[in-house]
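Everything on this sheet refers to the single structure shown next.
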Amino acid sequence: MTIIVQKVTQMMCGIIFLYGIYIIVHGHLTPGGGFAGGTIIAGSFILLVIAFGSEFLTLKKEETGSSLLESGAILVFLAIAAAGLLIGGVGIFFVNFLPKGTVGSLISAGIIPLFNIAIGIEVAAALLTIFLALLIYKEEST
Amino acid sequence: MTIYLLCIALFLVGLYGVVAKRNLIKMVIGIAIMEYSINLFLILIGYVKGGTAPILSADGAQRIFVDPLPQAMVLTAIVIGLATTALLLAIAIRLYKKYNTFDIREIKKLKG
Amino acid sequence: MGILLIVILVLMIGGALFSLEARDLLSAVIAYGIVGFGLVILFLLLQAPDLALVQIVVEAITLIIMIAVIMDSTREEVKTKSKRTAAYVIVSIVFAGLFLYFFNRVTGTLSAFGERAMRMSLAYINPGAEITGSANLVTGVIFDFRGYDTLGEATILFTAVIGVLTVLRLKGRK
Amino acid sequence: MNWWVPIFVIVPLGGAFLTAIIGSFSQAFGRYFTSFLLALVTAFALYIMFTPIGTMVYRVGGHELFDTIPIAIYMVMDGLSLYLLVIINLIGFLSAFYSISYIKSFTSENYYYTLFFLMVAGMNGVVLSGDIFNLYVFLELAAIASYALVAFGIDKEELEASFKYQVLGGISSLLILLSIGLLYWSTSTLNIADISGIIRQNGSPEFIKFVSVILLTGFGLKAAMIPFHAWLPDAHSSAPSPISSMLSGVLIKAIGAYVILRLFFNMFAITYDISLVITIIGTLSMVVGVLLAIGQWDIKRLLAYHSISQMGYVVLGVGIGMLVIAQNGPRTVAAFAIGGGLYHLFNHAVFKGLLFLNAGAVEHSTGIRDMKRLGGLASKMPVTTSTSLSASMSISGIPPFNGFFSKLIIIMAAIQAHYFVLAILAVFVSIITLASFLKVQRFTFFNKEEEKWNLKGIYVKEVPFSMCFSMIFLAVLCLVLSVLVVPSVRDIVLTPAVNALLDSTVYSTTVLGY
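Residue numbers (my numbering), protein chains in the order written: chain A, 1 to 142; chain B, 143 to 254; chain C, 255 to 428; chain D, 429 to 942.
Take a look at the structure:
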């Protein structure tokens, strides 16, 4: 890619990444949430890969890493959901066991922000893995 | 009523693409279009006249909200659609590398 | 607003038809983008900002992946050998007409656009914020009332990733 | 609180995620972990089956009724769900155990076991769900995992079969989603019991018919009933053999036939028209499936066509029961017919699973699937031959194997309900099935051409222990399941499942509690 594209990408990427994090963290207050934020974060990484390209080996390493991160994040999601089975002795799957706080403040809504963060990481890693897998396949097969 | 009918027409256009087209990418696009029309259909069902997005504002004013449940359903459906499309595209590119064409008739011919 | 919805929806149908009929696959994919981004506008008009946000990024990434798939392929579609006879076209038009007719007939008794009474979502709106503590009611529904669905949905994305990795292995058998 | 109901979904899901993480460091982990975990789940399901506890209703998230409206996602475990759970996890465990040796010849085993877990989790989620959208989500989970598993070998046929399967599967999923949207439009709720209550009171008959037709098309595609069967022979014959056995043995039942039963018995009121359509589809599948199977020489393709035919028996039995109920006929006859259909469902899972595992064993040892080129394996592969013989006798309905009894019950029910044509057709199809499997046995295992293999230079030997174990286990089950005709056993296993379907309003009153 040309130098212009690379410079612009360099400037924009961090902002896009931060915006994704903002969307995830404010998921229970404003539109958006784990899915939207995660996709935006994945988008920022994909932009970087497209603009700068990358060594084949680095791509392979990134793919393994993001795939592991994805599995880990969704395992955490399941663990938080299943924790409800053990906490409080009532045995309810997906119970919101943390204090709810006041509606509208950043630290509120119990486990919902935790779910948002786990889902955000999972979605970002998942989309990045799909993209990298396609890219690696195209390089490998030629 | 017209809006629902147009939405179903979009669904039928997608169905036409899947059934009549013989190009793998076109078939994927057809499935995706059907997916979009169903998403739109669910959201149309959930719309309430004069309603606003179901987000409580800081001023605490009472408003009419649109139905949040179809929105949650459509969010799920979008992600499912993304998953299906990604898997279909992966298989399509794999088939392309094997046969050097996206056309399903050519693929059948080459397979013999 | 009704007119605006109809205009955008007609545009989307046009985009979809063009996308399916285009000779060049790149134009087909771009035209498919019209449908997706039209949907984003409709979501915004229908008061679903969460979905508009998700749809716009998902659409962008789907387009990137699709273009990556078709970029260095023979994009020109093979010419159909006029197998599409008149009878074929008539059958599909008749089927579409019948489907729309029956759809119109059976849904005529249901509530009109924007006037459906809520039932299950009553609890999601009024006491929803108190139960879940979330100001965004959609997020409350997604992660609290219907969190189990979201688990399934995240798992489906996970499945797709594993599926893509499986399909794109270089060698299947040792 | 019945805290253990979601265990059936949590455990396979957790297994899948763990396999994905640990499996990327050690390929051997998934191999044993999968069988171990599924054996535990099967044992747990069997334990619950033999503990009389009645219908379990579990509210995910713990939200109570809100003005008599259910707002949480419900998980419902009644007799039918439990029956399906046992079948899914049992066949799942045996297929996974079989895979230990079979999948060693493929690369990236950890992906295989992860997808296997996900498919089982999806099916468990479907049979436990009491919420129609949740059911759709888990149905998609099982379906997407199966798409990827069909393509696991990534050869040309497999990829093409998988693409075809995905396109038709995608259409069926979207039709299902469309009908869910229509139901939500009409009733404003997603809970199956709640929907049932509302549309029985004030649903217009035309609307219900329209939704029924769309739903039947969608789930008919998933269950590969006859006008919608195009994807099944390709997909089921291209997949790795343990997966073929899962797809034919369990998947088309759990996400196709089971949902049809659940929705058309427990959600919609049973009407004569829909019962007639279901019976006709079942009969067509039964007859056309077996006729298509006759000309096949690819052993797995032949088995795949027989799956269509045998599923026709299941749907026929249940359809006769529906017809009897719709005409206010005697309830004992209806119960008899439905019981026959459900009994055949279990039997088919066992013997068709076994037959696909046999085909896999033959392919594993010789590398050939074409029956014209096989033959004379009887002395070289004694375990495969004997188990395959018992499965063949079972599927063609020879006493004392289980297939005989379930077919007999379906035929007797058809006679009792005065559908003599259907009874004659069922007997006729059974005879053709017998002929078809005589061909399989003769050309694959007997045929006295043992020297041929030595001439070709292929050293044929019996398959390893894990594959033998699964096949022997299933062959024994083929005999043991015959005890389901004994009333005291049937009352524990089969009768709760039949009762769940028989009284169509009991479901909604039990689930909602009013």
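Ideal Cβ positions, reconstructed from N, Cα and C, are used throughout, including at glycine. Keep in mind the model is a prediction, meaning the values are calculated, not measured.
The contact set of Ser141 (chain A) on chain B, defined by CB atoms closer than 8 Å, consists of Lys239 in chain order. Residue environment for Val348 (chain C): exposed (fewer than 16 other C-beta atoms within 10 angstroms of its C-beta). By alpha-carbon distance to Ala697 (chain D), the top candidate from D:Val888, D:Tyr741, D:Ile623 is D:Ile623.
Sorting D:His657, D:Gly757, D:Tyr486, D:Lys532 by C-alpha distance to the C-alpha of Ala721 (chain D) places D:His657 at the top.
Excluding its 5 nearest sequence neighbours in each direction, Ile515 (chain D) has C-beta neighbours in its own chain below 6 Å: Phe774, Ala777, listed in chain order.
Under the three-state reduction of DSSP output, Thr483 (chain D) falls in the coil class, being neither helix nor strand. For Val811 (chain D), the CB contacts under 7 Å within the same chain, skipping 5 residues up- and downstream, are Glu890, Cys896, Met899, Ile900 in chain order. Using a CB distance cut-off of 8 Å, Gly598 (chain D) counts as an interface residue toward chain B. Annotated as proximal: Val565 (chain D) and Gly406 (chain C), with beta-carbon spacing under 8 Å. Put simply, the CB of Pro381 (chain C) is far from chain A, with every gap to its CB atoms at 8 Å or more. Cβ neighbours of Asn562 (chain D) within its own chain (closer than 6 Å, five residues either side excluded): Ile501. Close partners of Ile130 (chain A) in chain B (Cβ separation under 7 Å): Ala228.
Residues of the same chain with a CB within less than 6 Å of the CB of Met551 (chain D), apart from the 5 flanking positions on each side, are Ile516, Ala570, Ala682 in chain order. Between the alpha carbons of Ile112 (chain A) and Leu930 (chain D) lies a gap of roughly 41 Å. Proximity of chain B to Gly553 (chain D) at the Cβ level (cut-off 7 Å) is not reached, the minimal Cβ distance being about 14 Å. Between Gly684 (chain D) and Arg205 (chain B), the alpha-carbon positions lie close to 43 Å from each other. From the listed residues D:Val855, D:Pro434, D:Met674, the smallest Cα separation to Ala841 (chain D) is found for D:Val855. Between His28 (chain A) and Ser108 (chain A), the beta carbon gap of about 7 Å places them in contact (Cβ cut-off 8 Å).
For Ile560 (chain D), the closest Cβ of chain C is not nearer than 8 Å. Checking the DSSP bridge columns, you'll see Met503 (chain D) partnered with D:Tyr486, D:Ser557. Under the rule that a run must span 4 or more residues, the alpha helix (DSSP H) segments found entirely inside the stretch 336-397 of chain C read 340-361, 376-379, 382-386, 391-394. The CB of Tyr402 (chain C) comes closer than 9 Å to the CB of Ala81, Phe93, Phe94 in chain A, given here in chain order. Apart from the 5 residues on each side of it in sequence, Glu585 (chain D) sits with its Cβ closer than 6 Å to the Cβ of Ser666 in its chain, given in chain order. When beta bridges are read from the DSSP output, Thr447 (chain D) appears opposite no residue. Excluding the 5 residues flanking it on each side, Ile80 (chain A) has same chain C-beta neighbours closer than 8 Å at Ile111, Leu114, Phe115, Ala118, in chain order. Neighbours of Thr413 (chain C) across chain D, judged by C-beta separation under 8 Å: Leu543, Leu546, Leu569, Ile572, Ala573, Ala576.
For Trp431 (chain D), there is no enclosing alpha helix (DSSP H), as DSSP marks it with neither H nor E.
In terms of CA proximity to Met503 (chain D), D:Gly489 leads the group D:Phe545, D:Ser452, D:Ile497, D:Gly489.
Asp798 (chain D) is bridged by DSSP to D:Asp726. For the 8 Å CB-CB criterion, Ile220 (chain B) and Val308 (chain C) form a contact. If you draw a straight line from the Cα of Leu391 (chain C) to the Cα of Asp495 (chain D), it comes to about 20 Å. For Ile111 (chain A), there is no enclosing alpha helix (DSSP H), as DSSP gives it neither H nor E. Gly387 (chain C) and Ile315 (chain C) have their C-alpha atoms roughly 32 Å apart. Taking 8 Å as the threshold, the shortest C-beta distance from Gly550 (chain D) to chain A does not fall below it.
Distance from the Cα of Ser533 (chain D) is smallest, within the candidate group D:Thr707, D:Ala762, D:Arg459, D:Tyr486, for D:Arg459.
If you look at Tyr887 (chain D), you'll find it isn't in any alpha helix (DSSP H); DSSP assigns it neither H nor E.
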